[in-house]
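Protein sequences appear in the order of chains A, B and C. If you read the first sequence in this note's numbering, its first letter stands for residue 966, the second for the next number, and so on. If you read the second sequence in this note's numbering, its first letter stands for residue 8, the second for the next number, and so on. If you read the third sequence in this note's numbering, its first letter stands for residue 25, the second for the next number, and so on.
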Amino acid sequence: MSRGRSAGTDLALRNVTKRYGAVSALTDVSLAVEAGELLTILGPSGSGKTTLLKVVAGFELPEAGIVMLGGSDVTERPPAARNIGMVFQNYALFPHMTVRENVAFPLEMRRVPRRLIEEKVARALALVELTGYEARLPTQLSGGQQQRVALARAIVFDPILLLLDEPFGALDRKLREQMQLEVRRLQRQLGLTTLFITHDQEEALVLSDRIAVMSHGRIEQIGAPDEIYERPANGFVADFVGESNVIAGRAAARKDGLVEIELEDGARICVAGDRIPDAGAEVRVLVRPERLELASDGAAINRVAGTVVETVYLGTSYKYRLRVPGGREWLVRRPVRAGEAPLAPGDSVAVGFAPGDAHLIAG
Amino acid sequence: MTEAVATLPLAAGDRVRRRHARSVLGALALSTPALVLLLVFFALPLLRLFWLSVDAGTFLPYEKALTERLYLTVFWETFKIAAAVTVLTLLLGYPVAYFLATTTRLWQFVGFAFVMLPFWTSILVRTYAWMVLLGRNGVVNRTLLDLGLITEPLPLLHNFTGVLIGMVHVLLPYMIFPIYNAMRKVDADLVRAAEGLGAPGYAVFRRIYLPLTMEGVLAGTTLVFILSLGFFITPALLGGGRVAMIAVIIEQQVREFLNWGFAGALSVVLLASTLVVYGLVHRLLRPRFAEGVR
Amino acid sequence: MRRRRISAGRIALDLFVGLVFFFLVLPLLIVFPISFSSAPYLQFPPPGFSWQWYERYFGDPVWIDATILSLEVAAATTVLSLAVGVPLAFALTRVRFPGREAIEKLSATPIIVPTIIYSIAVYGLFAKLRLIGEWYGIAIAHTLHALPFVVIVVTAGLRRFDINQELAACGLGASRLQAVRRVTLPQIKPSLVTAAFLAFITSFDELVIAMFLAGSNMTLPKKMFDNIRMEIDPTIAAISALQIVFVSVLLVLAGRFGEDQRGIANAR
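Next comes the structure, spelled out in structure tokens:
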């Protein structure tokens, strides 16, 4: 079942456009998934990620563009001839078939000899640790077990691509985390090229080799998880992936690789930036809550005085909502430490951040 | 990036249109056998019948149907029976539906058996049974005489009463089901909420239950009324030739007098009344249905 | 189970409903004792027990032939109405196409056209086509009569069916036809069983159409109708009892393999 594929591109979309009536669900989307890679399509509902999935699976034909799978153009090929293993949102296990029959189904459709079917089914079920459950019906399985069956059914025929459509949505938190790790392990072990669809940014960060963030039928940014989180390409990505404080201002001056930015209320902050905007250009500065430091933590260049409005205990950290000058609110997240009393609403504190902890995004 | 859309080649979307056309063709192919049957063996004979009713190029059969006293009486009688049957089935059916919707699972099962079994039994079987029950020497009269409740057998068969009893028996389930379905949709929490707000039982019923189940009542009454208008077997057997409903007259016109034109005219009038009733209620129900569905 | 207050109103309701139930089953119950009557004519209560009316039914070729003809016509109606109704239900639920609504409406109209009107209309046509007296003529007319039930039940079944199941099958390598055969049809089997049951009973019990189309042939309802008109002898009671048992068995089977009874109630 391990395929040891040579490196290359397994799935590529080129300038794909799909419309429903007057509504454009996908606009000029291009994308490539490398062999053995797990690429996540991350976006809110209505962003077009489901349409993208349907186009890749062959359930929808795009008005324009090409879908390449394993080196050949499959744009107009029916789903059955694409060799994609898919796990549906609610698994779509066939309720009238046993576990064995479910997993054997794709092999039967491919006219695999009976003896080989037995072998492959047994191996796939062993991989997902469900040996012994062959004769059960899907309704006699727990949610996690159902998902394993769906996974076994999707990989048993050595597909070119594994397609996962929000597969963890129906599981409770603990099981979800366990299954995520397991899917990741299987995917690595078998070298499965995988396209993963989700709206859950945490899940995307944990699982992916790369993430493509979608909104309104377009891809906003593609990159490794840390890249997406640390250096979001625009306000949408910054806002959708993780919590963020966004500060609007105007580039005022540059010095020593830093950009000085003038805020609306006249205050100035310094930010490191690889792209240095022209003086006077509108810019926005992103600072993640955990990168903000309270004054007691040490010296901070960009220092602002604020008042605690709300304190939330999160187990491993405290989250504070601060009111800062200019009527804005900032979120600050600090780890919980022994012997350190949390701030209480009404407390006055100074917060700041190092220039390297902030990220400049285009206006 | 809006230019990308604007500069799509002209042919873009053609393949989508082609595929859609193919699936539409597939659907039409799947519909064709049924469609052919419906057109050839349903629409065609009905149109032919209507054609026969105006064949001579005159409306004489219609004039006869709508002016002659005999036929006006038949229409009047038919509507009267249909109305009576509708009212009676509603009076009997609403409490039954309420019982089925509010009782325990076990009683619901038993109750459904009581409603379903006669429902599925041939009308002929039931009509025969009513003849045995309602005759001058029938079971009902004998029992009542034996109990000393009456001294003379009641005239229950071969008259209006007999037809009414038989038809109510046949049509009662058609009233119960739509009302029951409407009641099942009533949120039990709503009723409990009303009770919790201090509304007494009858007020809960009148202010909450009745308005919410009106849709089912309307659907049931229409269905029963429409079906009553075209009833044939029950009036033919239990009416004993003395209760002339329109369907009986139509059959007579064709079988005994081979008077196709006139039978056609009567049919058109009957069908038109049916459609008018159906259309009126549909219009009344439509906005609420639309709300419920979307 | 929920606790219920026992009020006077509830007791009155239960009593009233009990009476209605009695009214509903009374005619069914009455035919059983009569069918075992030893009296030479209709008499109630029966003076003694005998099998004579059952013997008379099974011994009379006219009755038996009529029964066989009715069974044949009902079977043909079931097959034909499913054969055209199921594909139509697929077309109606799967694709939006011009005329779809019109076709759906047309397929339901036979319900609201009074049977007597349809009967004489189709009688006129079949007389022209020389189809009177042919069993398949009756089966065709009965198919039109049963088609709306089949389409309504199967369409509802398909609308409830999760289309992702079929997509999943296609994605796993099944052709459209294989997906429908292996995944869709097995899952809507309850609807199919219910539809078949409805079609069968609709035809088996149907009198008016058969009266016009059967010519000199006798279907069971037609023979019963004639018999009831001429002489009310207890043979009818025996047949009625047999029919009630037959339908009850079918009902249990349909309940076992078909949809919830309440589903059927909706369709009819």
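Every residue, glycine too, gets a C-beta built ideally from N, C-alpha and C. Please read these numbers as outputs of a predicted model, since none were measured by experiment.
The three-state reading of DSSP puts alanine 1189 of chain A in coil, since its state is none of H, G, I, E or B. For the 8 Å CB-CB criterion, leucine 42 of chain B and isoleucine 127 of chain C form a contact. At least 8 Å separates the beta-carbon of alanine 1119 of chain A from that of threonine 1063 of chain A.
Interface residue (Cβ-Cβ distance to chain B less than 8 Å): leucine 1026 of chain A is classified as such. Taking each of A:Pro1310, A:Val1277, A:Arg1288 and A:Gly1317 in turn and checking the Cα distance to proline 1300 of chain A, the smallest one comes out for A:Val1277.
Here serine 1313 of chain A carries a strand assignment [DSSP, helix/strand/coil]. Taking 7 Å as the Cβ-Cβ cut-off, the region 1035-1060 of chain A approaches chain B at Glu1041, given in chain order.
For the 8 Å CB-CB criterion, glycine 246 of chain B and histidine 165 of chain B form a contact. With respect to chain A, the C-beta atom of leucine 244 of chain C has no partner C-beta closer than 8 Å. Residues of the region 192-222 of chain C with a C-beta less than 9 Å from any C-beta of chain A: Ala192, Ala193, Cys194, Gly195, Leu196, Gly197, Ala198, Ser199, Arg200, Gln202, Ala203, Arg206, Val207, Pro210, Gln211 and Lys213, listed in chain order. Proximity of the region 1037-1044 of chain A to the region 1011-1028 of chain A meets the contact definition, three or more beta-carbon pairs being nearer than 8 Å. As summarised for the region 1030-1077 of chain A, the continuous beta strand (DSSP E) elements at least 3 residues long and confined to that stretch are 1049-1052, given in chain order. Bridge partners of lysine 983 of chain A according to DSSP: A:Leu991. Residue pairing by DSSP places arginine 1298 of chain A opposite A:Lys1284 in a beta bridge. The beta carbon of valine 31 of chain B sits no closer than 8 Å to any beta carbon of chain A. Under DSSP, alanine 1323 of chain A takes part in a beta bridge, and its partners are A:Val1252. At a cut-off of 8 Å between C-beta atoms, aspartate 229 of chain C counts as an interface residue with respect to chain B.
When 9 Å is used as the limit between beta carbons, glycine 118 of chain B is near no residue of chain A, the shortest such separation being about 30 Å. With a minimum length of 4 residues, the unbroken runs of alpha helix (DSSP H) contained wholly in the region 113-178 of chain B fall at 130-141 and 146-153. Cβ-Cβ separation between leucine 107 of chain B and glycine 118 of chain B: approximately 5 Å, consistent with a contact (criterion under 8 Å). Valine 110 of chain C sits away from phenylalanine 1059 of chain A, with the two beta carbons spaced by 8 Å or more. By DSSP's assignment, aspartate 1130 of chain A forms a beta bridge with A:Ile1162. With respect to the C-alpha of phenylalanine 173 of chain C, the residue from C:Ala132, C:Phe56, C:Leu116 and C:Tyr78 having the closest C-alpha is C:Ala132.
In the DSSP assignment, the residues bridged to arginine 1293 of chain A are A:Val1289. Residue-level contact by beta carbon holds for leucine 99 of chain B and chain C, with a gap shorter than 8 Å. Methionine 235 of chain C: not part of any beta strand (DSSP E); member of the alpha helix (DSSP H) spanning 232-237, first to last residue.
Here valine 1297 of chain A really is in contact with leucine 1257 of chain A; their C-beta atoms are around 5 Å apart, less than 8 Å.
Among the residues of chain A, none has a CB under 7 Å from the CB of valine 92 of chain B; the nearest is roughly 44 Å distant. Under the Cβ criterion (8 Å, minimum of three pairs), the region 84-92 of chain B counts as touching the region 160-178 of chain B.
Comparing alpha carbon positions, the residue from A:Thr1159, A:Ala1057 and A:Gly1134 closest to alanine 1000 of chain A is A:Thr1159. Following the DSSP letters along the chain, one finds isoleucine 1176 of chain A in no alpha helix (DSSP H) but inside the beta strand (DSSP E) bounded by residues 1175-1180.
Between alanine 193 of chain C and the set A:Ile1125, A:Asn1048 and A:His1164, the nearest pair of CA atoms involves A:Asn1048. In this chain, the beta strand (DSSP E) harbouring tyrosine 1278 of chain A covers 1267-1278. Using a CB distance cut-off of 8 Å, arginine 1101 of chain A does not count as an interface residue toward chain C. Per DSSP, reduced to three states, the secondary structure at valine 1236 of chain A is strand. Excluding residues up to 5 positions away in sequence, Phe150, Leu237 and Gly239 lie with their Cβ nearer than 7 Å to the Cβ of isoleucine 156 of chain C in the same chain.
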